[in-house]
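Per this note's numbering, the sequence shown starts with residue 2, numbered consecutively.
One structure is given below, encoded as structure tokens.
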Amino acid sequence: MKKTIKKLLCLALCLTLTVTIFAGCSSKSSKIDFIYPFSGDITSFDPQIAKTADEFLLIENCFEGLVRVNDDGKVQAGVAKSWDISNDGKTYTFHLRQGAKWNVKSTSQSADNTELTKAQELMGESFNPDITANDFVFALQRACEKNTNAPLFSSISNIVNASKIHSGKLSSSKLGVKALDDYTLEIDLKSADDGFLNVLSTAVAMPCNKEYFNATKGRYGLGLDYTIFNGQFYVSNILEASYILKNNKQYVGDYKSAVTDITLKITDGTEDTAKNLKSGYYDAAYITGQEYDKLKGSDITAVSYTDATLAMILNKNNTIFANDKLRQAVCLSISDIDTKKYDYLSRANCFTPPSCVIGKDSANKAIGTTVYNQNINKAQELWKTGLNELGASQANFTVIATEEYKDIVKELVQGIQAGIGSISAYGNDDEHKISFSLKVNILSDSDYQTALSKGDYDIALYKFTATNQSPLDFLSTIINGNYIGTVPAAISALKRAQSGTAADLAVNAKQCEEAILADYSIKPVLYESSYYAEASGVKNVQFHPGSGRVSFVNATREAK
């Protein structure tokens, strides 16, 4: 009996010690932190004007819209706990959860610690409003106003009167969005759009508190002193080499995160990301196709997506390329290369990459084929005709590309050399002689960018990357950029598309592409896939291909 009591006492003591030990280290073991590399390309925390992948990444984790989208593409509750869609698909009614808050109050505030947050200093200690339907009305109205210059405006242009507001014809108060009460929001569309709920999960549709926005006096989003967040995380600190995100304890939605800390490490692009993933230093990372090749055979998991289009740009400042027939001849000569030896490359059937979306389809599928194939015979005919018009005696081209594309660009120009490069004379009875030379210059990234900005090239292999899922935003980058000069037909086509309905988006986007390609100053040649990768033991980091959005809300990591 005494032995039994002793055994029981010993057991009790052991249990007590065990509980004490684990209680003592619970504060450490409860910390779940992730490290993710990014370039730190952030100018503002304002969701309505977000445009870079890094800004989208922050907004994905630090804001929550009406709805969320999971890994399977399923729409889930966000600030809205439920919603109804009218029979004609044009009216959406959202029922918001009560008690959803902005992260205004500090979790360390108490009777003993009365230090105010920056938001409370600006608005007053009692400022702690619910997130209401009016926050979404104001946010969407802002996004439609022309002076906001919202990069993702085209994605919400199907809301009633959005295009007229954006063009300055109507006041933003006429937008087809209204608060029926504090927790009921109604949105009217010009036409039914199966992809509209997905749009509402993106940056442009994040809420914005009007009272706080006005109090910042034009500084909204410009640093932590003028930003309030409502997502599962908030930006707690900005260091020289990183952004620190902390778990938002005031978040009351359905998808609370177990992750306590996220370190977004600023990189300069020179480090070996694949190596850091393998070692476990990075928990997840965005990597190129070439980097992914280094990880084959490892226990790194990756999700591929095709968000970039490689294109050959012709510099119209070159005398030869001032002639449209000669530009067309060069474009028709470019080789259609075999992509089987490149796992991350595929033939481009149109300009817009597959990561962009129209309705529920990838944009390139919805738009269809717009890119023309190589045609050497037609190229040679056009080359001779153009040379005759120009009276040229020589054609000298310098083609530039970066190191990662040196083999690809050499294959692409083989058709130019073998096609129009084989023509030595033109005109009646070939009385005019023409000398031809083509040189490929492989440059460092910095030298390449310098050459582009100075126009110090004749042909450049350039990578166009979609930073979101809007095909019109992608195409506007090309049309309004400095890549093809002024092409009136393309500008007109883009304006028609931006004021059109969702039902006409595929047709309008195709017309934009056809107008771009008809100028023959640029030819899309290949799609390039990139990868979002998770280190060994890391799971459930959610990637949104094409948008730059990376969510750590559901992320987990096995104990090391």
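Backbone N, C-alpha and C define an ideal beta-carbon position, used for all residues, glycine too.
This structure is a prediction, so every number in the text was calculated from the model and none was measured.
Under the DSSP assignment, residue 214 falls in the alpha helix (DSSP H) whose first and last residues are 211-216. The continuous alpha helix (DSSP H) containing residue 137 extends over residues 134-145. For residue 82, the enclosing beta strand (DSSP E) covers residues 81-86.
Here the segment 313-326 does not lie against the segment 336-350, with fewer than 3 beta-carbon pairs under 8 Å apart.
Boundaries around residue 97 are those of the beta strand (DSSP E), 92-97, since no alpha helix (DSSP H) includes it.
Nearest to residue 98 by C-alpha distance, out of 87, 68, 37, is 68. Straight-line measurement puts the Cα of residue 255 at about 57 Å from the Cα of residue 376. Taking 9 Å as the cut-off, the Cβ atoms of residue 46 and residue 225 count as close.
Its Cα nearest to that of residue 41, the residue 270 stands out among 270, 167, 247. Look at the beta carbons and you see the segment 422-438 not touching the segment 480-491: under three pairs across the two are nearer than 8 Å. Look at residue 124 here: in three-state DSSP terms it is helix. Here residue 76 has 68, 69, 70, 198, 199, 202 as same chain residues with Cβ atoms under 8 Å from its own Cβ, once five neighbours each way along the sequence are excluded.
Distance from the Cα of residue 48 is smallest, within the candidate group 279, 39, 514, 62, for 62.
Pairing residue 469 with residue 57 gives a Cβ-Cβ distance under 9 Å. Here the alpha carbons of residue 134 and residue 146 stand approximately 19 Å from one another. Shown here, residue 37 sits in a strand according to DSSP, grouped into three states. Three or more beta-carbon pairs separated by less than 8 Å link the segment 350-366 to the segment 511-531, which places the two stretches in contact. By the C-beta criterion, the segment 212-219 is judged not to be in contact with the segment 163-173, since fewer than 3 inter-stretch pairs fall below 8 Å.
As far as DSSP is concerned, residue 198 takes part in no beta bridge. In the structure shown, residue 462 falls within a strand segment according to DSSP collapsed to helix, strand and coil. With a 10 Å radius around the Cβ and a threshold of 16 neighbouring Cβ atoms, residue 329 comes out buried. Cβ contact annotation for residue 96 (same chain, cutoff 7 Å, sequence separation greater than five): 81, 82, 83, 84, 184, 185, in chain order. Contact between the segment 333-342 and the segment 501-510 is absent: fewer than three C-beta pairs spanning the two stretches fall below 8 Å. Residue state for residue 499 is assigned as helix, using DSSP reduced to three classes. Cβ neighbours of residue 521 within its own chain (closer than 7 Å, five residues either side excluded): 325, 328, 329, 332. The segment 221-235 and the segment 190-197 do not touch, with fewer than 3 CB-CB distances between them shorter than 8 Å.
At least 9 Å separates the beta-carbon of residue 161 from that of residue 141. Setting aside the 5 residues that flank it on each side, residue 391 is surrounded in the same chain by 324, each with a C-beta closer than 6 Å to its C-beta; the list follows chain order. The DSSP-derived three-state label of residue 443 is strand. Taken through DSSP and simplified to helix, strand or coil, residue 330 comes out as helix.
When C-beta atoms of the segment 377-390 are compared with those of the segment 406-422, three or more pairs fall below 8 Å, so the two segments count as touching. For residue 57, the enclosing alpha helix (DSSP H) starts and ends at 54-63. Within its own chain, the residues whose Cβ lies closer than 8 Å to the Cβ of residue 368, once the five positions on either side in sequence are excluded, are 351, 353, 359, 472, 507, 510, 511, 514, listed in chain order. The C-beta distance from residue 264 to residue 288 rounds to 18 Å, too long to meet the 8 Å contact threshold. Look at residue 47 here: in three-state DSSP terms it is coil, with no helix or strand label.
In this structure, the alpha-carbon of residue 460 lies about 54 Å from that of residue 251.
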